[in-house]
Amino acid sequence: MAKITSLNDLRKIKDELQQKIRLRENADSPEAMVQIRVGMATSGIASGAKEVFIFLVDELEKRNVDAVVTQTGDMGYSYAEPTIEVILPGKDPVVFGWVDVEKADEIIEKYIRGGELVEGIIPANYNTIDD
Amino acid sequence: MANYKYHLLVCGGTGCKASESDRIVNMLNNEIRENGLSSDAKVVTTGCFGFCEKGPIVKVLPDNTFYTRVTPEDSKEIVMEHLVKGRRVERLLYVDPETKKHITDSKHMGFYQKQIRIALRNCGFIDPENIDEAISRDAYIALGNVLAGMTPEETCNVVKESGLRGRGGGGFPTGLKWEITRKSQADQKYVVCNADEGDPGAFMDRSILEGDPHAVLEAMAICGWAIGATKGLIYIRAEYPLAIKRLKIAIDQAMEYGLLGKDIFGSGFDFEIELRYGAGAFVCGEETALIHSMEGSRGEPTFKPPFPSVEGYLGKPTNVNNVETFANIPVIFNKGAKWFASIGTERSKGTKVFALAGKINNVGLIEVPMGTTLREVIFEIGGGIKDGKAFKAVQTGGPSGGCLTQKHLDTPIEYDTLIEAGSMMGSGGMIVMDEDDCMVSVAKYYLDFTVEESCGKCSPCRIGNKRLHEMLETITKGEGTMETLDKLKTLSHVIKDTSLCGLGQTAPNPVLSTMDNFWEEYLEHVEGHKCRAGSCKSLMQYIIIPENCVGCTACARNCPVNCISGERKQLHVIDQTVCIKCGTCMEKCKFNAIEIV
Numbered sequence: 104m105a106k107i108t109s110l111n112d113l114r115k116i117k118d119e120l121q122q123k124i125r126l127r128e129n130a131d132s133p134e135a136m137v138q139i140r141v142g143m144a145t146s147g148i149a150s151g152a153k154e155v156f157i158f159l160v161d162e163l164e165k166r167n168v169d170a171v172v173t174q175t176g177d178m179g180y181s182y183a184e185p186t187i188e189v190i191l192p193g194k195d196p197v198v199f200g201w202v203d204v205e206k207a208d209e210i211i212e213k214y215i216r217g218g219e220l221v222e223g224i225i226p227a228n229y230n231t232i233d234d
Numbered sequence: 007m008a009n010y011k012y013h014l015l016v017c018g019g020t021g022c023k024a025s026e027s028d029r030i031v032n033m034l035n036n037e038i039r040e041n042g043l044s045s046d047a048k049v050v051t052t053g054c055f056g057f058c059e060k061g062p063i064v065k066v067l068p069d070n071t072f073y074t075r076v077t078p079e080d081s082k083e084i085v086m087e088h089l090v091k092g093r094r095v096e097r098l099l100y101v102d103p104e105t106k107k108h109i110t111d112s113k114h115m116g117f118y119q120k121q122i123r124i125a126l127r128n129c130g131f132i133d134p135e136n137i138d139e140a141i142s143r144d145a146y147i148a149l150g151n152v153l154a155g156m157t158p159e160e161t162c163n164v165v166k167e168s169g170l171r172g173r174g175g176g177g178f179p180t181g182l183k184w185e186i187t188r189k190s191q192a193d194q195k196y197v198v199c200n201a202d203e204g205d206p207g208a209f210m211d212r213s214i215l216e217g218d219p220h221a222v223l224e225a226m227a228i229c230g231w232a233i234g235a236t237k238g239l240i241y242i243r244a245e246y247p248l249a250i251k252r253l254k255i256a257i258d259q260a261m262e263y264g265l266l267g268k269d270i271f272g273s274g275f276d277f278e279i280e281l282r283y284g285a286g287a288f289v290c291g292e293e294t295a296l297i298h299s300m301e302g303s304r305g306e307p308t309f310k311p312p313f314p315s316v317e318g319y320l321g322k323p324t325n326v327n328n329v330e331t332f333a334n335i336p337v338i339f340n341k342g343a344k345w346f347a348s349i350g351t352e353r354s355k356g357t358k359v360f361a362l363a364g365k366i367n368n369v370g371l372i373e374v375p376m377g378t379t380l381r382e383v384i385f386e387i388g389g390g391i392k393d394g395k396a397f398k399a400v401q402t403g404g405p406s407g408g409c410l411t412q413k414h415l416d417t418p419i420e421y422d423t424l425i426e427a428g429s430m431m432g433s434g435g436m437i438v439m440d441e442d443d444c445m446v447s448v449a450k451y452y453l454d455f456t457v458e459e460s461c462g463k464c465s466p467c468r469i470g471n472k473r474l475h476e477m478l479e480t481i482t483k484g485e486g487t488m489e490t491l492d493k494l495k496t497l498s499h500v501i502k503d504t505s506l507c508g509l510g511q512t513a514p515n516p517v518l519s520t521m522d523n524f525w526e527e528y529l530e531h532v533e534g535h536k537c538r539a540g541s542c543k544s545l546m547q548y549i550i551i552p553e554n555c556v557g558c559t560a561c562a563r564n565c566p567v568n569c570i571s572g573e574r575k576q577l578h579v580i581d582q583t584v585c586i587k588c589g590t591c592m593e594k595c596k597f598n599a600i601e602i603v
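Residue numbers (this note's numbering), protein chains in the order written: chain A, 104 to 234; chain B, 7 to 603.
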């Protein structure tokens with residue numbers, strides 16, 4: 104990657120990246136796909152987030168679900184680790200807690216494929232700086 | 007596959023369960039079945055909504071309708087009205103306490119303004135190992151703006167106007183610190199990030215570094231520009247391997263993009279960041295000790311002044327800020343000092359991250375505006391006390407802080423109010439205790455920690471705290487007298503007044519605050535040889551209740567020290583002089599014949 108040498112460069116890159124993310128989330132676009140974030144700070148990993156991460160990557164591919172799985176930091180719900188956030192195209196993000204491999208399987212089959220919510224949802228209870 | 011039109015989310019948090027949310031789930035399911043809606047609506051139990059006071063909560067999707075104080079008997083109406091006829095059940099809607107209006111959409115409820123994530127804005131959103139994700143959420147934009155159009159003096163002024171105070175514990179105004187370092191004259195200056203998080207139960211800084219390392223790097227570069235430093239150092243404990251790994255990746259990526267290094271954004275400003283590892287000594291969180299440790303000397307504090315801002319790392323002016331303090335900086339520049347100062351209270355601006363731990367339902371990380379009350383944090387966001395036990399105290403400020411009790415629950419959380427209440431903000435660990443915790447033992451636990459962590463340089467801390475610990479030990483053994491209590495108090499004040507650094511000066515705080523707030527418990531230990539929480543082993547006895555004992559010999563056979571005697575089918579007796587209070591007899595007895603007194 105080339106060096107960013109001015110503020111304008113940075114802004115341009117930022118806009119491009121945001122555009123890409125918006126495409127991923129937009130239900131009407133052909134590039135729309137499922138996004139999953141796995142909370143992988145120390146506490147998440149200690150409760151088994153790594154296995155869940157690997158399971159999701161492998162299984163989504165096997166089951167032909169177009170998805171991006173990424174790791175992220177601590178979502179703050181230590182009591183419910185491992186936690187994952189799933190964003191279906193055009194939908195609000197949903198956070199699931201206590202996600203082991205079995206739960207991850209249920210989430211793929213029921214929520215990701217069928218839009219059906221399953222037990223273990225952690226309701227978001229905070230504001231962001233953009234609100 | 008069923009294609010549900012509605013999802014009904016029912017709160018399964020402890021608070022709501024206690025008010026029959028399980029039955030609500032059952033009744034809703036029954037109603038849905040009876041009305042033939044099984045393929046249209048699904049009931050799902052969720053984690054805590056953090057709104058326990060108004061529970062049980064039922065939220066209907068997709069329209070986000072938020073019902074509060076729902077009873078099982080309301081289930082029929084919710085199904086009949088909302089699902090069948092498409093009309094909201096007005097009387098169950100949340101009423102805004104200020105406008106007195108029904109609020110249908112949970113996003114517009116004042117309650118959810120209780121948490122605002124500023125320092126944690128990217129934590130749990132971005133991939134911390136991918137700089138592009140950080141950039142897509144505004145990383146390095148503030149640095150670019152500062153370098154493009156602000157003088158160092160103006161940069162310091164923005165931080166000053168924001169009212170940001172140090173999040174590591176002391177609460178010193180950050181802008182002022184930057185200004186003092188800026189005004190110090192030297193050929194080289196340093197920016198240091200204090201990532202030596204050492205309070206028991208605290209993990210705010212680790213989470214920020216693991217979740218959003220670029221926020222800290224960017225802020226350090228802004229600080230470098232403001233004070234005239236080209237070098238930054240992060241002092242981090244080797245016990246945080248994941249945070250170290252992610253910081254290293256972040257530094258490499260930022261260097262590669264030219265967002266750190268030489269001539270950043272073509273401005274001519276150079277800034278580099280290196281890591282320095284600590285061995286996990288608590289005292290190294292004190293800034294002078296931290297600097298000595300970075301220089302390769304023993305991690306011992308030295309007297310201030312000179313302050314690090316004047317004479318710090320290698321004798322050069324050094325600005326030391328904590329991780330969370332830095333994490334706030336880019337947002338202050340992007341959203342404006344006024345915006346930041348509008349959050350919080352008169353003397354404490356912005357938000358504070360807390361790590362909730364102990365006997366609380368929703369253990370985790372939260373970020374609330376300054377001025378939020380302890381009650382809101384513990385009972386609403388934290389979901390209340392585990393297993394429905396009674397709240398007893400909350401320890402803030404770690405081993406340097408104190409216990410706050412029932413009477414402090416409505417105290418707003420600010421630097422100054424917490425000090426007035428006999429505790430302190432500290433770095434943000436909050437350990438919640440319930441009725442089963444003995445406050446003398448809690449004080450002893452913290453002293454245990456400070457005795458272990460004292461560097462040994464000054465005698466009040468090295469010897470004094472050891473004596474405090476011994477006295478607490480005597481009290482928990484039931485051998486203390488009123489004189490012990492007097493001595494405990496006097497010595498605590500002497501240590502506070504005469505210790506060299508913050509560690510010693512604050513080490514007696516847990517003792518003094520528990521004595522202030524739980525004097526009667528200290529008295530009970532000394533005068534009545536009783537521990538009401540039942541946690542001081544020396545003060546309790548296992549005894550056999552004659553009416554219940556059938557003489558089965560199970561206790562005698564399992565006792566590891568053979569202190570129970572008695573013939574078969576005869577009453578057994580425990581020899582109290584030999585008993586080690588392990589509790590095995592009580593566990594093995596099938597006839598409830600053993601009790602603790």
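Even for Gly, the Cβ is constructed at its ideal location relative to N, Cα and C. Quick caveat: nothing in here was measured; it's all calculated off a predicted structure.
> Three-state secondary structure (DSSP) at residue 161 of chain A?
Replying inline: helix
- Query: Can you list, in chain order, the residues of its chain whose CB lies under 8 Å from that of residue 50 of chain B, leaving out five sequence neighbours each side?
  - Reply: 13, 14, 15 and 16
**Asked** Using a beta-carbon distance below 8 Å, is residue 7 of chain B in contact with chain A?
**Response** Per-residue confidence for residue 7 of chain B stands at a pLDDT of 43, beneath the threshold of 50, marking its modelled position as unreliable; no derived number is given.
How about residue 559 of chain B and residue 225 of chain A: do their beta carbons lie closer than 8 Å? no
Exercise. Hey, which unbroken runs of the alpha helix (DSSP H) at 4 residues or more fall wholly within the stretch 108 to 168 of chain A?
Worked result: 110 to 128, 145 to 149 and 152 to 165
**Beta bridge counterpart(s) of residue 241 of chain B as assigned by DSSP** = B:200 and B:282
| request: Name the two residues that bound the continuous beta strand (DSSP E) containing residue 550 of chain B. | output: 548 to 550
Against chain A, does residue 75 of chain B count as a neighbour if the rule is that its beta carbon must be under 8 Å from one of theirs?
no
Problem set entry | 6 Å Cβ shell around residue 244 of chain B - same chain, five flanking residues per side excluded | 283
Just curious, the beta strand (DSSP E) that residue 594 of chain B is in, first and last residue? From DSSP, residue 594 of chain B is part of no beta strand (DSSP E) but of the alpha helix (DSSP H) over 590 to 594.
query = Does residue 163 of chain B come within less than 8 Å of chain A when only Cβ atoms are used?
reply = no
Contact set for residue 565 of chain B: own chain, Cβ-Cβ below 7 Å, skip 5 residues either direction: 590 and 591
Residue nearest to residue 150 of chain A in terms of C-alpha spacing, selected from A:232, A:131 and A:187: A:187
- Message: Cβ closer than 8 Å: which chain B residues qualify as neighbours of residue 110 of chain A?
- Response: 147, 150, 151, 153, 154 and 271
Fill in: Residue(s) in a DSSP beta bridge with residue 123 of chain B
A:231
For residue 515 of chain B, which of helix, strand or coil comes out of DSSP? helix
C-beta neighbour in chain A for residue 44 of chain B, strict 8 Å
no
- [ ] Kindly indicate which residue of B:41, B:149, B:475 and B:482 has the alpha-carbon position closest to the one of residue 501 of chain B.
- [x] B:475
Worksheet item: Applying a beta-carbon distance threshold of less than 9 Å, which residues of chain A neighbour residue 199 of chain B?
Response: In chain order: nothing, as chain A lies at least about 17 Å away.
Cα-Cα separation, residue 211 of chain A to residue 120 of chain B:
33 Å
Starting from the beta carbon of residue 353 of chain B, find every residue of chain A whose beta carbon is closer than 9 Å, and list them in chain order.
In chain order: nothing, as chain A lies at least about 22 Å away.
Within chain B, partners of residue 180 of chain A - CB distance below 7 Å: 370
Discussion item. Let me confirm a value: residue 309 of chain B is counted as buried when at least 16 other C-beta atoms fall within 10 Å, else exposed. Which label applies?
Written reply: exposed
Taking DSSP's pairing of strands, which residues face residue 364 of chain B in a bridge?
B:438
So residue 360 of chain B and residue 337 of chain B are in contact, right, with Cβ under 8 Å, and what is the actual spacing, rounded?
-> Not a contact, Cβ separation roughly 18 Å.
Self-check item: Nonlocal neighbours in the same chain, by C-beta distance under 8 Å from residue 546 of chain B, ignoring five residues either side
Solution: 537, 540, 587, 602 and 603
C-alpha gap between residue 549 of chain B and residue 184 of chain A, whole angstroms: 42 Å
Query raised in the report: Of all the CB atoms in chain B, is at least one closer than 8 Å to the CB of residue 106 of chain A?
Result: yes
- Item | Assigned secondary structure, residue 554 of chain B (DSSP; H/G/I helix, E/B strand, else coil) | coil
Problem - Host alpha helix (DSSP H) of residue 564 of chain B (start-end) - result: 560 to 564
Original post:
Smallest Cα separation from residue 385 of chain B: which of B:28, B:35, B:364 and B:58?
Top reply: B:58
**OP:** Say whether chain B places a C-beta atom closer than 8 Å to the C-beta of residue 172 of chain A.
**Re:** no
- [ ] Kindly give me the distance between the Cβ atoms of residue 329 of chain B and residue 211 of chain B, rounded to whole angstroms, as I take these residues to be in contact under 8 Å.
- [x] 4 Å
Discussion item. In whole angstroms, give me the CA-to-CA distance for residue 125 of chain A and residue 175 of chain A.
Written reply: 18 Å
Note to self: When you compare the CB positions of residue 408 of chain B and residue 466 of chain B, do they come within less than 8 Å of one another, or not?
What the structure shows: no
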